[in-house]
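*Asks:*
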Amino acid sequence: MTDHSLSDEYKPTSEYERGRADRMLAIYRGKPTELLGRMQLNCHRHGGFFSIGHRLTLPNMPPRDIWQDCQDCKREQQDQAQRERAALDLVHAMRERASRVHGAGIPLRFRDRAFETYKATTPGQIRALTMARDYVEQFAENRAKGLGLVMAGHPGTGKSHLSSSIMLSLVDRYVVRYVTCMEMIQEIRATWRRDSDRSEGQALEEFGATIDLLVVDEVGVQYGTDGEQTLLFGVLDQRYRNMLPTILLTNQDKDGFRGFVGERVMDRLTETAKWIPFKGESYRATARKEAA
Numbered sequence: 000m001t002d003h004s005l006s007d008e009y010k011p012t013s014e015y016e017r018g019r020a021d022r023m024l025a026i027y028r029g030k031p032t033e034l035l036g037r038m039q040l041n042c043h044r045h046g047g048f049f050s051i052g053h054r055l056t057l058p059n060m061p062p063r064d065i066w067q068d069c070q071d072c073k074r075e076q077q078d079q080a081q082r083e084r085a086a087l088d089l090v091h092a093m094r095e096r097a098s099r100v101h102g103a104g105i106p107l108r109f110r111d112r113a114f115e116t117y118k119a120t121t122p123g124q125i126r127a128l129t130m131a132r133d134y135v136e137q138f139a140e141n142r143a144k145g146l147g148l149v150m151a152g153h154p155g156t157g158k159s160h161l162s163s164s165i166m167l168s169l170v171d172r173y174v175v176r177y178v179t180c181m182e183m184i185q186e187i188r189a190t191w192r193r194d195s196d197r198s199e200g201q202a203l204e205e206f207g208a209t210i211d212l213l214v215v216d217e218v219g220v221q222y223g224t225d226g227e228q229t230l231l232f233g234v235l236d237q238r239y240r241n242m243l244p245t246i247l248l249t250n251q252d253k254d255g256f257r258g259f260v261g262e263r264v265m266d267r268l269t270e271t272a273k274w275i276p277f278k279g280e281s282y283r284a285t286a287r288k289e290a291a
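Last residue of the sequence shown? That's 291 in numbering that gives the first Met the number 0, and every number before it is there in order.
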C-alpha cells in the first residue's frame with residue numbers, strides 16, 4: 000500500500016465519486032461518520048487506485064477509518080458471483096425440465112427428438128413436419144379451442160418422433176402427458192379393484208380435465224372391444240367438453256381407425272382434430288441405412 004496524498008479538504012467532484020461516497024455513507028446510515036478524503040492505495044492485481052475514506056465514530060469505541068477497496072477487484076468479484084449464480088440457475092432449470100419431462104411420461108428413447116433432427120425428405124414428411132411445427136407455434140390458440148391431431152401411418156414412419164418434438168417444445172409451459180392407449184385403459188380399469196385409492200370417475204377426470212395436452216399412442220393395437228371403446232370415449236368426451244386438445248397416434252388408416260374407436264369418438268375427432276398421414280418407407284429403416 001502506497002500513501003501518496005491525503006486531502007482533509009477533499010470533496011467528491013465527479014458523479015462517479017459522489018455515488019461511491021453516497022454508497023459508503025448508506026452503509027453506515029445513522030452512524031456518525033466523517034469524510035476523510037481521498038488516498039491513493041495500491042492493489043497487488045490492478046496497481047494504484049484512489050480510495051475514498053470515512054471515519055466511523057461510535058460511543059465508547061475508538062474511531063475507525065474505513066477506506067474503499069479496489070473497485071476493479073470488487074467488479075471482478077461481482078462478475079464471478081453473477082457467473083456462479085447463472086450456472087446454478089442453469090443447473091436448476093435443467094433439473095426442473097428433466098423432472099417435467101419424466102413426469103410427462105415421455106419415453107426415454109424419444110427425449111432427444113427435436114424438430115431439427117427429423118429428416119424430412121419426401122413431400123409427405125415435409126408436410127407432417129410443417130404441421131407439427133405449426134401446431135406448437137399456434138398452441139395457445141389450439142389449447143383455447145381444444146384442437147388436436149391424429150398422426151396415422153405404418154410403424155416407424157416418424158409419428159413418435161414428431162409427437163415427442165411437440166411435447167418437448169411445450170413441456171416447460173404446459174402440463175403434457177404421454178400414454179399408450181392400453182396403459183390408459185389399464186389405469187382406468189385398475190380403479191375397479193377393491194384396494195384402489197381412487198374411483199373410475201377420478202381417473203377419467205385426471206385424463207379428461209387436468210392435462211393441457213394428452214398424447215395417446217398405439218390407438219388401434221388393442222382389440223377394440225365395446226369396453227375399450229367406452230373407456231376411450233369417456234376420456235375423449237371429457238376432453239372435448241373441457242376443450243382440451245388430444246394427439247392420437249395410430250398405425251391404422253381412416254377406415255381401420257374408425258372401426259377401432261367407434262363412431263362416437265370419430266365424430267368428436269372430425270370436429271377437433273387434424274389428420275396427418277405418415278406414408279412411405281419406415282423412417283427408422285431409412286435412418287439405419289444412412290448410418291450404415
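Every residue gets a Cβ at the ideal spot worked out from N, C-alpha and C, and that includes glycine. Just so we're clear, the structure is a prediction, and the values are computed from it rather than from any experiment.
#1: Taking the straight line between their C-alpha atoms, what separation do you get for Glu227 and Gln237?
#2: Smallest Cα separation from Leu169: which of Thr179, Val220, Phe114 and Lys158?
#3: Taking all protein chains shown into account, do 16 or more other C-beta atoms lie within 10 angstroms of the C-beta of His300, making it buried, or fewer, making it exposed?
#4: Considering only DSSP beta bridges, list what Asp64 is partnered with.
#5: Answer with buried or exposed for Lys253, where buried requires no fewer than 16 other C-beta atoms within 10 angstroms of its C-beta.
#6: Pick out whichever of Gly147, Leu57, Asn241 and Asp171 has its Cα sitting closest to the Cα of Ala92.
#7: Do Met150 and Lys158 have their C-beta atoms within less than 8 angstroms of each other?
#8: What are the start and end residues of the alpha helix (DSSP H) that includes Ile165?
#9: Would you identify the three-state DSSP class for Thr229, choosing helix, strand or coil?
#10: Going by DSSP in three states, Tyr117 sits in which element: helix, strand or coil?
#11: So, does the stretch 136 to 156 touch the stretch 178 to 193, judging by three or more C-beta pairs under 8 angstroms?
#12: May I ask you to verify whether the stretch 88 to 108 touches the stretch 125 to 132, counting CB pairs closer than 8 angstroms and requiring at least 3?
#13: Considering only residues of the stretch 236 to 288, which uninterrupted beta strand (DSSP E) runs meet the minimum length of 3 residues and lie entirely inside it, listed in chain order?
*Replies:* Judging by the given coordinates:
#1: Here residue 227 refers to the residue found at position 228 when the sequence shown is read from its first residue. Here residue 237 refers to the residue found at position 238 when the sequence shown is read from its first residue. Straight-line Cα distance between these residues: approximately 16 angstroms.
#2: To locate residue 169, count along the sequence shown from 1; it is residue 170. Of Thr179, Val220, Phe114 and Lys158, the residue nearest in Cα terms is Phe114.
#3: Since the first residue shown for the chain is 0 and the last is 291, residue 300 is missing from the structure and cannot be characterised.
#4: Sequence index remark: in the sequence shown, residue 64 carries index 65 (1-based). According to DSSP, Asp64 bridges with Arg54.
#5: By one-based count along the sequence shown, residue 253 stands at place 254. For Lys253, the number of other beta carbons within 10 angstroms of its own is below 16, and it is reported as exposed.
#6: For the purposes of this step, residue 92 is taken as the residue at position 93 of the sequence shown. Ala92 has its Cα closest to that of Asp171, out of Gly147, Leu57, Asn241 and Asp171.
#7: Indexing the sequence shown from 1 puts residue 150 at position 151. Indexing the sequence shown from 1 puts residue 158 at position 159. The answer is yes: Cβ separation under 8 angstroms.
#8: Position 166 of the sequence shown, counted from the first residue, corresponds to residue 165. Segment Lys158 to Leu169, the alpha helix (DSSP H) holding Ile165.
#9: Position 230 of the sequence shown, counted from the start, is the residue given in the question as residue 229. The three-state reading of DSSP puts Thr229 in helix, counting H, G and I together.
#10: Mapped onto the sequence shown, residue 117 falls at position 118. It is coil, neither helix nor strand.
#11: no
#12: no
#13: 245 to 249 and 272 to 277
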